[in-house]
Amino acid sequence: MFRKIFSRSVHCLSCGSKFHRIQYGPGFQNPTKNPSYPSFAEAQEKSFQELLSNLSEEQKRAVGFKNLDVPIHEVPARILERDFKKRSKQEREFLQCRWCIDAMQGREYPVVVPKVDVIGEIPNGYQIVHVIDAMDFPMTVCKDIVLKYGPRVVFAITRCDLLADHHNKLGKLKNYMMEEVFDKMKVDPRNVHLLSAKRNWNLEKFAECLKDGNALVGKTGSGKTTLAVALSGSILPYPTWELPFTTQRADEYKTKPEFRSKLILDLPSLPESTNKGKGIYGLIRPKFMRKIVAGQPMTKLGNKYSRPSIVAKPGQSISIGGMVGFELLKAKPGQAIHVWPIIGGFSAILGRKVSSIEKIYQLNTSPTPQHDQWNILDSPKESEPLQHQMSFQIQRNQVGQSVVVRGLGMLQAKLYGNMSEPYNINVHTLPGVELGLRTELLEWFRLKN
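Written out as C-alpha coordinates, the structure reads:
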(Lines of atoms letter the chains of each structure in order from A and count residues from 1; the text may use other names and numbers.)
(Lines give C-alpha, C1' and ligand atoms only; values in the text may rest on other atoms or scores of the structure.)
Protein backbone atom coordinates (compact mmCIF):
# COMPACT_ATOMS: atom_id res chain seq x y z
CA MET A 1 0.00 0.00 0.00
CA PHE A 2 2.75 2.44 0.98
CA ARG A 3 4.64 1.66 -2.21
CA LYS A 4 1.61 2.66 -4.31
CA ILE A 5 0.94 5.85 -2.36
CA PHE A 6 4.54 7.09 -2.42
CA SER A 7 5.62 5.54 -5.72
CA ARG A 8 6.36 9.05 -7.07
CA SER A 9 8.26 10.17 -4.00
CA VAL A 10 12.03 10.44 -4.16
CA HIS A 11 12.27 11.87 -0.64
CA CYS A 12 12.56 10.31 2.80
CA LEU A 13 9.16 10.29 4.49
CA SER A 14 10.77 11.20 7.82
CA CYS A 15 13.35 13.93 7.18
CA GLY A 16 12.35 14.97 3.65
CA SER A 17 15.87 14.52 2.20
CA LYS A 18 16.16 13.40 -1.39
CA PHE A 19 17.25 9.76 -1.69
CA HIS A 20 20.85 9.19 -2.81
CA ARG A 21 23.53 6.48 -2.71
CA ILE A 22 26.35 8.57 -1.21
CA GLN A 23 27.20 7.27 2.23
CA TYR A 24 26.55 8.75 4.74
CA GLY A 25 24.00 11.43 5.56
CA PRO A 26 20.31 12.36 5.40
CA GLY A 27 18.70 10.67 2.43
CA PHE A 28 21.20 7.77 2.17
CA GLN A 29 19.39 4.74 0.84
CA ASN A 30 20.66 1.17 0.72
CA PRO A 31 21.17 -0.03 -2.88
CA THR A 32 19.46 -3.32 -1.98
CA LYS A 33 16.29 -1.79 -0.58
CA ASN A 34 14.21 -1.73 -3.77
CA PRO A 35 14.24 -5.46 -4.72
CA SER A 36 11.55 -7.47 -2.96
CA TYR A 37 12.61 -11.00 -2.04
CA PRO A 38 10.10 -13.83 -1.40
CA SER A 39 9.59 -14.94 2.17
CA PHE A 40 10.56 -18.41 3.38
CA ALA A 41 6.95 -19.58 3.23
CA GLU A 42 6.53 -18.26 -0.32
CA ALA A 43 9.74 -19.96 -1.46
CA GLN A 44 8.62 -23.21 0.16
CA GLU A 45 5.23 -23.03 -1.55
CA LYS A 46 6.85 -22.29 -4.92
CA SER A 47 9.13 -25.32 -4.61
CA PHE A 48 6.15 -27.48 -3.71
CA GLN A 49 4.18 -26.28 -6.74
CA GLU A 50 7.11 -27.00 -9.06
CA LEU A 51 7.44 -30.51 -7.63
CA LEU A 52 3.69 -31.08 -7.94
CA SER A 53 3.62 -29.97 -11.58
CA ASN A 54 6.14 -32.69 -12.48
CA LEU A 55 3.90 -35.49 -11.15
CA SER A 56 1.50 -37.40 -13.36
CA GLU A 57 -2.17 -37.90 -12.45
CA GLU A 58 -1.49 -41.47 -11.30
CA GLN A 59 1.41 -40.32 -9.11
CA LYS A 60 -0.75 -37.62 -7.53
CA ARG A 61 -3.50 -40.15 -6.76
CA ALA A 62 -0.89 -42.53 -5.38
CA VAL A 63 0.25 -39.99 -2.82
CA GLY A 64 -3.31 -39.05 -1.85
CA PHE A 65 -4.14 -35.93 -3.90
CA LYS A 66 -7.68 -35.64 -5.22
CA ASN A 67 -8.95 -33.19 -7.85
CA LEU A 68 -5.50 -31.57 -7.89
CA ASP A 69 -6.22 -29.86 -4.58
CA VAL A 70 -3.06 -28.47 -2.93
CA PRO A 71 -2.78 -29.13 0.79
CA ILE A 72 -2.37 -26.14 3.08
CA HIS A 73 1.04 -26.03 4.72
CA GLU A 74 1.32 -25.42 8.42
CA VAL A 75 4.07 -22.80 8.72
CA PRO A 76 5.60 -22.49 12.20
CA ALA A 77 4.76 -19.30 14.08
CA ARG A 78 8.41 -18.31 14.34
CA ILE A 79 8.76 -18.37 10.53
CA LEU A 80 5.66 -16.19 10.12
CA GLU A 81 6.99 -13.76 12.72
CA ARG A 82 10.35 -13.55 10.97
CA ASP A 83 8.69 -12.98 7.60
CA PHE A 84 6.51 -10.23 9.09
CA LYS A 85 9.54 -8.43 10.51
CA LYS A 86 11.32 -8.77 7.19
CA ARG A 87 8.41 -7.27 5.29
CA SER A 88 8.06 -4.45 7.83
CA LYS A 89 11.75 -3.64 7.45
CA GLN A 90 11.48 -3.60 3.66
CA GLU A 91 8.50 -1.23 3.81
CA ARG A 92 10.31 1.06 6.27
CA GLU A 93 13.44 1.19 4.11
CA PHE A 94 11.26 2.05 1.13
CA LEU A 95 9.84 5.07 2.98
CA GLN A 96 12.77 6.23 5.13
CA CYS A 97 16.48 6.76 4.64
CA ARG A 98 19.08 4.86 6.66
CA TRP A 99 19.91 8.08 8.53
CA CYS A 100 16.43 8.30 10.07
CA ILE A 101 16.10 4.55 10.65
CA ASP A 102 19.39 4.52 12.56
CA ALA A 103 18.32 7.60 14.56
CA MET A 104 15.15 5.76 15.59
CA GLN A 105 17.24 2.78 16.69
CA GLY A 106 19.63 4.92 18.74
CA ARG A 107 22.71 4.65 16.52
CA GLU A 108 24.93 7.71 16.27
CA TYR A 109 27.09 8.89 13.38
CA PRO A 110 28.91 12.19 12.89
CA VAL A 111 26.89 14.89 11.19
CA VAL A 112 28.39 15.75 7.81
CA VAL A 113 27.51 19.22 6.57
CA PRO A 114 29.37 20.53 3.51
CA LYS A 115 31.57 23.55 4.06
CA VAL A 116 31.86 24.61 0.46
CA ASP A 117 31.46 27.71 -1.64
CA VAL A 118 27.82 27.24 -2.59
CA ILE A 119 27.90 29.89 -5.31
CA GLY A 120 31.05 28.31 -6.74
CA GLU A 121 29.12 25.09 -7.42
CA ILE A 122 26.74 26.84 -9.82
CA PRO A 123 27.53 25.89 -13.45
CA ASN A 124 28.29 28.64 -15.93
CA GLY A 125 25.20 30.10 -17.54
CA TYR A 126 22.85 29.07 -14.74
CA GLN A 127 20.46 31.67 -13.37
CA ILE A 128 20.69 32.33 -9.62
CA VAL A 129 17.35 32.05 -7.82
CA HIS A 130 17.58 33.50 -4.32
CA VAL A 131 14.90 31.81 -2.17
CA ILE A 132 13.62 33.92 0.74
CA ASP A 133 11.28 32.91 3.56
CA ALA A 134 8.44 35.42 3.82
CA MET A 135 7.91 34.60 7.48
CA ASP A 136 11.51 35.56 8.29
CA PHE A 137 11.75 38.55 5.94
CA PRO A 138 14.12 40.38 5.70
CA MET A 139 16.37 38.15 7.83
CA THR A 140 16.68 35.55 5.07
CA VAL A 141 17.79 38.07 2.44
CA CYS A 142 21.49 37.62 1.58
CA LYS A 143 22.68 41.10 0.65
CA ASP A 144 26.08 39.82 -0.49
CA ILE A 145 24.43 37.82 -3.28
CA VAL A 146 22.46 40.83 -4.49
CA LEU A 147 25.42 43.21 -4.46
CA LYS A 148 27.82 40.75 -6.11
CA TYR A 149 25.68 39.12 -8.79
CA GLY A 150 23.03 41.76 -9.43
CA PRO A 151 21.11 41.07 -12.68
CA ARG A 152 21.76 37.30 -12.49
CA VAL A 153 19.57 37.06 -9.39
CA VAL A 154 15.85 36.27 -9.40
CA PHE A 155 14.07 36.41 -6.04
CA ALA A 156 11.54 33.76 -5.01
CA ILE A 157 9.79 34.69 -1.76
CA THR A 158 8.13 31.52 -0.46
CA ARG A 159 5.49 30.70 2.18
CA CYS A 160 3.51 33.85 1.39
CA ASP A 161 0.29 31.98 2.16
CA LEU A 162 1.19 32.29 5.86
CA LEU A 163 0.94 36.09 5.58
CA ALA A 164 -1.86 36.54 3.04
CA ASP A 165 -5.11 34.59 3.03
CA HIS A 166 -5.59 35.12 -0.72
CA HIS A 167 -3.19 35.48 -3.63
CA ASN A 168 -4.87 38.77 -4.61
CA LYS A 169 -3.21 40.38 -1.57
CA LEU A 170 0.30 39.50 -2.72
CA GLY A 171 0.57 42.78 -4.63
CA LYS A 172 0.26 44.83 -1.45
CA LEU A 173 2.74 42.54 0.30
CA LYS A 174 5.20 42.94 -2.57
CA ASN A 175 4.96 46.73 -2.34
CA TYR A 176 5.84 46.54 1.34
CA MET A 177 8.87 44.32 0.71
CA MET A 178 10.08 46.51 -2.15
CA GLU A 179 9.94 49.63 0.04
CA GLU A 180 11.62 47.95 3.00
CA VAL A 181 14.51 46.20 1.25
CA PHE A 182 14.59 45.76 -2.51
CA ASP A 183 14.24 49.39 -3.59
CA LYS A 184 17.22 50.29 -1.41
CA MET A 185 19.24 47.55 -3.14
CA LYS A 186 18.09 48.71 -6.61
CA VAL A 187 16.37 45.43 -7.46
CA ASP A 188 14.12 45.31 -10.52
CA PRO A 189 10.53 44.60 -9.32
CA ARG A 190 10.10 42.21 -12.27
CA ASN A 191 12.70 39.92 -10.65
CA VAL A 192 10.79 39.65 -7.36
CA HIS A 193 8.20 36.86 -7.22
CA LEU A 194 5.91 36.10 -4.27
CA LEU A 195 4.98 32.41 -4.18
CA SER A 196 3.31 29.67 -2.23
CA ALA A 197 4.47 26.17 -3.10
CA LYS A 198 1.76 24.74 -0.86
CA ARG A 199 -1.11 26.51 -2.64
CA ASN A 200 0.57 26.84 -6.07
CA TRP A 201 0.36 30.62 -5.99
CA ASN A 202 2.17 32.24 -8.96
CA LEU A 203 4.20 29.10 -9.72
CA GLU A 204 3.25 29.15 -13.40
CA LYS A 205 4.21 32.81 -13.78
CA PHE A 206 7.44 32.22 -11.88
CA ALA A 207 8.34 29.26 -14.12
CA GLU A 208 8.16 31.54 -17.16
CA CYS A 209 11.11 33.60 -15.89
CA LEU A 210 13.28 30.53 -15.33
CA LYS A 211 16.03 29.75 -17.81
CA ASP A 212 17.11 26.34 -19.04
CA GLY A 213 19.41 26.05 -16.00
CA ASN A 214 18.60 27.51 -12.56
CA ALA A 215 20.28 27.24 -9.16
CA LEU A 216 18.38 27.72 -5.89
CA VAL A 217 20.41 29.43 -3.15
CA GLY A 218 19.41 30.74 0.25
CA LYS A 219 19.63 30.28 3.97
CA THR A 220 18.63 27.11 5.76
CA GLY A 221 14.91 26.52 6.07
CA SER A 222 13.98 29.12 3.45
CA GLY A 223 12.04 26.65 1.29
CA LYS A 224 14.47 25.78 -1.53
CA THR A 225 13.69 22.06 -1.61
CA THR A 226 9.95 22.59 -1.23
CA LEU A 227 9.96 24.99 -4.18
CA ALA A 228 12.01 22.60 -6.34
CA VAL A 229 9.64 19.74 -5.54
CA ALA A 230 6.56 21.85 -6.35
CA LEU A 231 7.97 22.88 -9.72
CA SER A 232 8.99 19.32 -10.58
CA GLY A 233 5.65 17.79 -9.63
CA SER A 234 7.14 15.18 -7.31
CA ILE A 235 5.99 14.45 -3.76
CA LEU A 236 7.60 15.82 -0.61
CA PRO A 237 6.16 13.88 2.35
CA TYR A 238 7.29 16.37 4.99
CA PRO A 239 8.09 20.12 4.91
CA THR A 240 11.87 20.33 5.13
CA TRP A 241 11.85 23.96 6.30
CA GLU A 242 11.27 22.60 9.81
CA LEU A 243 14.53 20.63 9.69
CA PRO A 244 17.94 22.18 8.98
CA PHE A 245 20.68 20.72 6.78
CA THR A 246 18.44 18.25 4.91
CA THR A 247 20.02 19.28 1.59
CA GLN A 248 23.66 18.28 1.87
CA ARG A 249 24.58 18.07 -1.79
CA ALA A 250 23.45 19.57 -5.09
CA ASP A 251 20.21 17.80 -6.08
CA GLU A 252 18.92 18.19 -9.63
CA TYR A 253 15.24 18.45 -10.53
CA LYS A 254 13.40 18.93 -13.80
CA THR A 255 10.28 21.07 -13.94
CA LYS A 256 6.97 19.64 -15.09
CA PRO A 257 6.36 19.42 -18.87
CA GLU A 258 3.94 22.36 -18.72
CA PHE A 259 6.87 24.39 -17.36
CA ARG A 260 9.04 23.31 -20.37
CA SER A 261 11.15 20.79 -18.39
CA LYS A 262 13.78 23.25 -17.17
CA LEU A 263 16.63 22.17 -14.89
CA ILE A 264 16.69 23.23 -11.24
CA LEU A 265 19.73 22.74 -9.02
CA ASP A 266 18.84 22.61 -5.31
CA LEU A 267 22.01 23.64 -3.45
CA PRO A 268 22.92 23.27 0.24
CA SER A 269 22.25 26.17 2.57
CA LEU A 270 24.57 29.15 2.56
CA PRO A 271 27.36 29.10 5.20
CA GLU A 272 25.39 31.26 7.61
CA SER A 273 24.28 28.10 9.39
CA THR A 274 26.73 25.46 8.21
CA ASN A 275 30.19 26.79 9.03
CA LYS A 276 31.48 26.69 12.58
CA GLY A 277 31.39 30.16 14.05
CA LYS A 278 28.58 31.27 11.73
CA GLY A 279 25.60 29.36 13.03
CA ILE A 280 24.40 26.47 15.12
CA TYR A 281 26.43 23.84 13.24
CA GLY A 282 29.57 23.12 15.24
CA LEU A 283 27.95 24.29 18.48
CA ILE A 284 25.49 21.46 19.06
CA ARG A 285 26.42 17.98 20.24
CA PRO A 286 26.55 15.49 17.33
CA LYS A 287 23.79 13.26 18.70
CA PHE A 288 21.48 16.27 19.01
CA MET A 289 22.39 17.47 15.54
CA ARG A 290 21.55 14.00 14.30
CA LYS A 291 18.14 14.07 15.97
CA ILE A 292 17.46 17.54 14.60
CA VAL A 293 18.44 16.56 11.06
CA ALA A 294 16.70 13.19 11.12
CA GLY A 295 13.06 14.27 10.97
CA GLN A 296 10.92 13.26 13.88
CA PRO A 297 7.40 12.94 12.39
CA MET A 298 7.76 9.15 12.47
CA THR A 299 9.26 9.10 15.96
CA LYS A 300 8.33 12.20 17.96
CA LEU A 301 5.56 12.25 20.54
CA GLY A 302 3.03 15.01 21.01
CA ASN A 303 2.46 18.27 19.21
CA LYS A 304 5.33 20.73 18.97
CA TYR A 305 2.96 23.57 19.89
CA SER A 306 1.78 21.77 23.04
CA ARG A 307 5.04 21.68 24.94
CA PRO A 308 5.53 22.99 28.47
CA SER A 309 6.76 26.55 28.75
CA ILE A 310 9.60 27.80 30.92
CA VAL A 311 8.49 30.41 33.45
CA ALA A 312 10.87 32.99 34.92
CA LYS A 313 9.94 35.44 37.66
CA PRO A 314 11.66 38.78 38.42
CA GLY A 315 15.36 38.22 39.02
CA GLN A 316 15.48 35.03 36.95
CA SER A 317 16.52 34.26 33.37
CA ILE A 318 15.73 31.48 30.91
CA SER A 319 18.28 29.25 29.18
CA ILE A 320 17.37 27.44 25.95
CA GLY A 321 19.83 24.59 25.51
CA GLY A 322 22.68 26.71 26.88
CA MET A 323 22.66 28.61 23.57
CA VAL A 324 20.00 31.32 23.98
CA GLY A 325 19.13 33.29 27.11
CA PHE A 326 16.10 35.50 27.90
CA GLU A 327 16.32 38.23 30.55
CA LEU A 328 13.37 40.25 31.86
CA LEU A 329 14.36 43.82 32.79
CA LYS A 330 12.81 45.88 35.60
CA ALA A 331 10.07 43.38 36.31
CA LYS A 332 7.56 43.93 39.09
CA PRO A 333 6.32 41.40 41.64
CA GLY A 334 3.63 39.20 40.18
CA GLN A 335 5.01 39.36 36.65
CA ALA A 336 6.51 36.42 34.80
CA ILE A 337 7.88 35.68 31.35
CA HIS A 338 6.87 32.45 29.60
CA VAL A 339 8.98 31.01 26.76
CA TRP A 340 7.96 28.09 24.53
CA PRO A 341 10.73 26.39 22.51
CA ILE A 342 8.91 25.63 19.26
CA ILE A 343 11.72 23.73 17.56
CA GLY A 344 10.73 22.36 14.14
CA GLY A 345 10.98 18.58 14.12
CA PHE A 346 12.92 18.32 17.37
CA SER A 347 11.19 17.93 20.73
CA ALA A 348 14.06 17.41 23.17
CA ILE A 349 14.98 21.05 23.93
CA LEU A 350 12.97 22.24 26.92
CA GLY A 351 15.27 24.79 28.53
CA ARG A 352 15.51 25.79 32.18
CA LYS A 353 15.28 28.87 34.39
CA VAL A 354 18.48 30.19 35.96
CA SER A 355 19.44 33.02 38.27
CA SER A 356 21.17 35.15 35.61
CA ILE A 357 22.67 35.18 32.13
CA GLU A 358 26.12 34.73 33.69
CA LYS A 359 24.85 31.53 35.29
CA ILE A 360 24.27 30.06 31.82
CA TYR A 361 27.97 30.49 31.03
CA GLN A 362 28.92 28.89 34.33
CA LEU A 363 26.70 25.90 33.61
CA ASN A 364 28.04 25.62 30.06
CA THR A 365 31.64 25.42 31.29
CA SER A 366 30.93 23.28 34.34
CA PRO A 367 32.71 19.88 34.45
CA THR A 368 29.51 18.38 35.85
CA PRO A 369 27.42 16.90 33.03
CA GLN A 370 24.18 18.78 32.41
CA HIS A 371 20.82 17.24 31.60
CA ASP A 372 20.45 16.58 27.88
CA GLN A 373 17.33 18.73 27.63
CA TRP A 374 19.06 21.67 29.33
CA ASN A 375 22.36 21.77 27.48
CA ILE A 376 22.91 20.66 23.88
CA LEU A 377 26.38 22.15 23.33
CA ASP A 378 29.12 20.02 21.82
CA SER A 379 32.13 21.37 23.76
CA PRO A 380 30.88 23.00 26.98
CA LYS A 381 34.39 23.54 28.32
CA GLU A 382 35.26 25.66 25.27
CA SER A 383 32.03 27.63 25.42
CA GLU A 384 32.11 31.42 25.39
CA PRO A 385 29.99 33.83 27.43
CA LEU A 386 26.62 34.67 25.95
CA GLN A 387 26.49 38.03 24.20
CA HIS A 388 23.60 40.47 24.10
CA GLN A 389 22.15 40.35 20.61
CA MET A 390 18.74 42.01 20.69
CA SER A 391 16.08 43.65 22.84
CA PHE A 392 12.36 43.86 22.27
CA GLN A 393 9.30 45.20 24.03
CA ILE A 394 6.08 43.44 24.87
CA GLN A 395 3.27 45.96 24.77
CA ARG A 396 0.08 45.91 26.74
CA ASN A 397 -2.52 43.58 25.16
CA GLN A 398 0.15 42.17 22.84
CA VAL A 399 -0.13 38.44 22.17
CA GLY A 400 3.60 37.83 22.43
CA GLN A 401 6.81 37.88 20.48
CA SER A 402 8.26 35.24 18.16
CA VAL A 403 12.05 34.99 18.16
CA VAL A 404 13.59 32.96 15.32
CA VAL A 405 16.84 31.06 15.87
CA ARG A 406 18.17 30.52 12.36
CA GLY A 407 18.77 26.85 11.66
CA LEU A 408 17.06 25.65 14.82
CA GLY A 409 13.50 26.88 15.17
CA MET A 410 11.32 29.46 16.87
CA LEU A 411 10.87 30.62 20.47
CA GLN A 412 7.58 32.17 21.58
CA ALA A 413 7.83 34.66 24.48
CA LYS A 414 4.91 36.07 26.48
CA LEU A 415 4.68 38.28 29.57
CA TYR A 416 2.07 37.77 32.28
CA GLY A 417 1.05 40.02 35.13
CA ASN A 418 0.35 43.75 35.50
CA MET A 419 1.23 45.37 32.17
CA SER A 420 0.38 49.01 32.71
CA GLU A 421 3.44 49.91 30.62
CA PRO A 422 5.66 48.16 28.02
CA TYR A 423 8.43 45.92 29.32
CA ASN A 424 11.80 45.22 27.80
CA ILE A 425 13.31 41.78 27.33
CA ASN A 426 16.95 41.17 26.42
CA VAL A 427 18.01 38.13 24.40
CA HIS A 428 21.57 36.79 24.64
CA THR A 429 23.18 34.12 22.43
CA LEU A 430 26.49 32.39 21.86
CA PRO A 431 28.68 34.10 19.23
CA GLY A 432 27.61 33.23 15.70
CA VAL A 433 23.98 32.35 16.45
CA GLU A 434 21.63 34.49 14.36
CA LEU A 435 18.33 35.73 15.79
CA GLY A 436 15.44 37.60 14.28
CA LEU A 437 11.94 38.83 15.10
CA ARG A 438 8.80 37.99 13.18
CA THR A 439 6.44 40.51 14.67
CA GLU A 440 6.85 43.61 12.48
CA LEU A 441 5.87 42.19 9.11
CA LEU A 442 3.58 39.52 10.51
CA GLU A 443 1.54 41.89 12.68
CA TRP A 444 1.49 44.66 10.07
CA PHE A 445 0.17 42.53 7.25
CA ARG A 446 -1.75 39.71 8.88
CA LEU A 447 -3.81 41.86 11.26
CA LYS A 448 -4.51 44.78 8.91
CA ASN A 449 -5.41 42.84 5.78
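Under full-length UniProt numbering, the residue at position 273 of the sequence shown is numbered 273, and the numbers go up by one with no gaps. Cβ atoms here follow ideal geometry from the backbone N, Cα and C, with glycine treated the same way. Since this is a predicted model, take the numbers as computed values, not measurements.
In terms of residue numbering, what span does the beta strand (DSSP E) encompassing residue i cover?
i: Q389; result: Q387 to I394
i: E252; result: D251 to K254
i: I157; result: V153 to T158
i: Y149; result: Unbroken run through Y149 is the alpha helix (DSSP H), K143 to Y149; no beta strand (DSSP E).
i: L216; result: G213 to V217
i: G436; result: L435 to L437
i: V181; result: Taken as a continuous stretch (DSSP letters only), V181 belongs to no beta strand (DSSP E), as it is neither H nor E.
i: I318; result: S317 to I320
i: T429; result: Y423 to T429
i: residue 450; result: Past the edges of the chain, shown from 1 to 449, lies residue 450, and the structure says nothing about it.
i: K353; result: R352 to V354
i: Y311; result: The identity of residue 311 in the sequence shown is Val, whereas the question assumes Tyr. Run containing V311: I310 to A312, per the beta strand (DSSP E) assignment.
Quick one: what does DSSP say residue i is sitting in, helix, strand or coil?
i: M298; result: Residue confidence for M298 is low, a pLDDT of 36 falling below 50, so the modelled location carries little weight and cannot support an answer.
i: P26; result: coil
i: D133; result: strand
i: L283; result: coil
i: E327; result: strand
i: V187; result: coil
i: D266; result: strand
i: R260; result: coil
i: W99; result: helix
i: S402; result: strand
i: K60; result: helix
i: residue 463; result: Any answer about residue 463 is impossible in this case: the structure gives the chain only from 1 up to 449.
i: I119; result: helix
i: K18; result: strand
i: L377; result: strand
i: P367; result: coil
i: K304; result: A caution first: K304 carries a pLDDT of 45, below 50, which makes its placement in the model unreliable, though a value can still be read off. In this structure, K304 counts as coil in the three-state DSSP scheme.
Could you work out which residue in the options is closest to residue i when comparing CA atoms only?
i: G150; options: H167, V129 and N168; result: V129
i: I264; options: R98, A207 and D161; result: A207
i: A197; options: H428, I132 and L147; result: I132
i: I425; options: I320, K330 and I119; result: K330
i: S222; options: M177, N168, E252 and C160; result: C160
i: K143; options: A230, K184, S355 and I122; result: K184
i: P385; options: H20, R152 and I357; result: I357
i: W201; options: A164, L216 and K414; result: A164
i: V153; options: R21, Q105 and Y126; result: Y126
i: G325; options: Q59, L173 and W374; result: W374
i: H338; options: Y416, Q395 and S402; result: Y416
i: G334; options: R352, P314, W340 and P341; result: P314
i: D212; options: K18, M390, Q49 and N124; result: N124
i: E121; options: E434, L270, V427 and R438; result: L270
i: V229; options: T158, K169, L147 and T368; result: T158
i: residue 451; options: S53, I101, P189 and I310; result: No answer is possible for residue 451: the residues shown for the chain start at 1 and end at 449.
i: T247; options: W340, T220 and S232; result: T220
i: W340; options: Q96, A413, G400 and P26; result: A413
i: V148; options: I119, N168 and S53; result: Going by the sequence as given, residue 148 is Lys instead of Val. Of I119, N168 and S53, the residue nearest in Cα terms is I119.
i: S402; options: K169, R438 and P367; result: R438
i: L210; options: F259, N168, K169 and G218; result: F259
i: L377; options: K359, R190 and R285; result: R285
i: G218; options: I145, K169 and S261; result: I145
Per DSSP, residue i is paired with what?
i: A230; result: Paired residue(s): none; A230 is not in a bridge.
i: S47; result: Answer is none; S47 lacks a bridge partner.
i: V192; result: F155
i: A336; result: Y416
i: Q127; result: N214
i: P341; result: L411
For the alpha helix (DSSP H) that residue i lies in, which residues bound it at each end?
i: F206; result: L203 to E208
i: G171; result: L170 to M177
i: N364; result: I357 to N364
Rounded to whole angstroms, how far is the Cβ of residue i from the Cβ of residue j, which I believe are closer than 8 Å?
i: M323; j: T225; result: So it is not a contact: roughly 25 Å between Cβ atoms.
i: V181; j: V141; result: 6 Å
i: A250; j: L267; result: 5 Å
i: R406; j: G432; result: About 10 Å; that fails the 8 Å criterion.
i: F155; j: V187; result: 7 Å
i: E327; j: S319; result: Actually they are not in contact, since the Cβ atoms of E327 and S319 sit about 10 Å apart, beyond 8 Å.
i: W99; j: F19; result: About 11 Å; that fails the 8 Å criterion.
i: T368; j: S383; result: About 14 Å; that fails the 8 Å criterion.
i: L216; j: T255; result: Incorrect: roughly 12 Å between the Cβ atoms, too far for contact.
Is any beta-carbon of chain B found at less than 7 Å from that of residue i?
i: R152; result: The question asks about chain B, but that chain is absent: this structure has only one protein chain.
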